[in-house]
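Chemist: Sharing a structure with you now.
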Amino acid sequence: MESPESSKRSIDASKDLNQSNNAQVDSLRVSVLSEALPYIQRFEGKRIVIKYGGAAMAHGELHEAVLRDIALLSSVGVQPIVVHGGGPEINHWLNQLNITTEFRDGLRITDRKTMDVVEMVLVGRVNKQIVNGINKLGASSVGISGIDGKLIEARPFNNGSHGYVGEVAKVNIQVLEPLLSEGYVPVISSVAATEKGDSLNINADTVAGELAATLEAEKLILLTDTPGILRNKNDPSSLIRQINLSDIRQLIDKGIVEGGMLPKTQCCIRALAQGVSAAHIINGTIPHALLLEVFTDIGIGTMVFGNE
Ligand code: ADP
Ligand code: MG
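Residues 1 to 308 in the working numbering are what the sequence shown lists, from first letter to last.
As structure tokens, then:
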């Protein structure tokens, strides 16, 4: 049997071990923070457009971690601008109402009834959940749609081939400037109005790309549910880590990139062609994917860069 003395010694030893573990964790934490300094300095005051996709959002348990990363970016002086999708939540409510929809080229064919649901879910519910979540973490966020301040002016996509699906006709960032200069994190849902006042549903990747270009953002980051652009979309190990504009066009022509990845690659091309320095397609289902991308050298996912 253990003597009281030896039992006390083993408790003391485990205390020592705990303390030394805690000290190691603390020291790691501090060194990670310290290594982030050059990145924080580099991105201070810079704009980073983040598309938070429906696919990444479906992993509810990571929702708070994503919002925490956004709040952290804002707290250290980076200016994040969030554009959100909401596919799974829209599907849920369409199902509840027995409305069926189909996708063509990664875009949802949208009739009048579907559009009403899209607008209610994205602008009324998903947008406010994100804003509320960021506010709860101590940053300040304001949610708007493309309609507010005519941020996005829309026209029917491909002359109306997809119903109430829109494309971006014009971007007016004036409404964002006072928000950004006061330190608010704008959260934007990708619904916009036509000249006649019809609400249209625009792919959120497309909106993020156009906003990044007009805001002269430093980075465009698209959070989704795959590791990035894959050479074989069913094989996560076929990740393309870096790709330039002409190679990405080839992937589109060969049909390697399809479905929901199509608007992503197209918006990266548009954003880079208009002066955004780098566009990243990353896996939003990895904890703290955003911080890994912004605050480390390695980065994650696929980086798309201009040809120069
Ligand atoms: P989000 O909600 O993030 O916009 P989407 O479902 O619209 O997500 O787009 C991401 C999807 O694109 C992936 O889940 C995958 O099924 C599809 N995809 C098509 N081609 C590729 C590819 N080459 N590499 C990776 N994903 C691809
Ligand atoms: Mg999509």
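All C-beta atoms in this analysis are idealised placements derived from N, C-alpha and C, irrespective of residue type, glycine included. None of the values given here were measured: they were computed from a predicted structure.
From the DSSP output, read off the bridge partner residues of A278.
Modeler: Its beta-bridge partners are K219.
Chemist: Alpha carbons only, please: which of S34, S27, L220 is nearest the one belonging to Q266?
Modeler: With distances taken between Cα atoms, Q266 lies closest to L220.
Chemist: Between A279 and the ligand MG, is the CB less than 8 angstroms from at least one heavy atom?
Modeler: A279: no, Cβ never under 8 angstroms from the ligand MG.
Chemist: Given a cut-off of 9 angstroms, decide if T224 and G284 are closer than it, judged by their beta-carbon atoms.
Modeler: Yes, these two residues count as a Cβ contact at 9 angstroms.
Chemist: P38: buried (16+ other C-beta within 10 angstroms of its C-beta) or exposed?
Modeler: Label assigned to P38: exposed.
Chemist: Under three-state DSSP, which class holds V82?
Modeler: Note: V82 maps to strand in three-state DSSP.
Chemist: Which residue marks the beginning of the beta strand (DSSP E) containing Q96, and which one marks its end?
Modeler: Unbroken run through Q96 is the alpha helix (DSSP H), 87–96; no beta strand (DSSP E).
Chemist: Can you tell me where the alpha helix (DSSP H) with R42 in it begins and where it stops?
Modeler: Segment 37–43, the alpha helix (DSSP H) holding R42.
Chemist: Identify the residues that DSSP records as bridge partners of L239: which are they?
Modeler: Per DSSP, L230.
Chemist: So does the region 42–58 actually touch the region 76–85, counting three or more Cβ pairs closer than 8 angstroms?
Modeler: With the cut-off at 8 angstroms, the region 42–58 and the region 76–85 touch.
Chemist: As a quick exercise: from L72, L251, G45, pick the residue whose alpha carbon is nearest that of Q79.
Modeler: Measuring from the Cα of Q79, the nearest candidate turns out to be G45.
Chemist: Exposed or buried, what is G228 when buried is set at 16 or more other beta-carbons lying within 10 Å of its beta-carbon?
Modeler: G228 comes out buried.
Chemist: Pick from L211, G124, S189: whose alpha carbon is nearest that of G275?
Modeler: Comparing Cα positions, the closest option is L211.
Chemist: Considering only residues of the same chain and omitting the five flanking positions on each side of M1, which have a CB-CB separation below 6 angstroms?
Modeler: Confidence in M1 is poor, its pLDDT being 49 and thus under 50, which makes the residue's placement unreliable; the coordinate value appears in the next sentence. Result list for M1: empty, nothing under 6 angstroms.
Chemist: For A193, which residues does DSSP report across the bridge?
Modeler: Partner(s): E153, S199.
Chemist: Roughly how many angstroms lie between the CA atoms of R241 and M303, to the nearest whole one?
Modeler: Their backbone Cα atoms lie some 6 angstroms apart in a straight line.
Chemist: For A13, which residues from the same chain have a beta carbon less than 8 angstroms from its beta carbon, with the 5 sequence-adjacent residues on both sides left out?
Modeler: Nothing listed; no residue qualifies.
Chemist: Name the one or two DSSP bridge partners that G309 has.
Modeler: The requested residue 309 is not part of the displayed model; the chain covers only 1 to 308.
Chemist: Using the Cβ count rule (16 or more neighbours within 10 Å means buried), how would you classify E355?
Modeler: The requested residue 355 does not occur in the structure, where the chain is confined to residues 1 to 308.
Chemist: Compare the beta carbon distance of I144 and V185 with 9 angstroms and say whether it is the shorter of the two.
Modeler: Contact flag unset, no.
Chemist: R104: which of I282, L291, G260, D235 sits nearest, CA to CA?
Modeler: Ranking the options by Cα distance to R104, first place goes to G260.
Chemist: Which whole-angstrom value describes the C-beta separation of L122 and G166, a residue pair presumed to lie in contact below a C-beta threshold of 8 angstroms?
Modeler: The pair is not a contact, with the Cβ atoms about 13 angstroms apart (cut-off 8 angstroms).
Chemist: Under a three-way DSSP split, which group does L137 fall into?
Modeler: L137 falls in the coil class under three-state DSSP.
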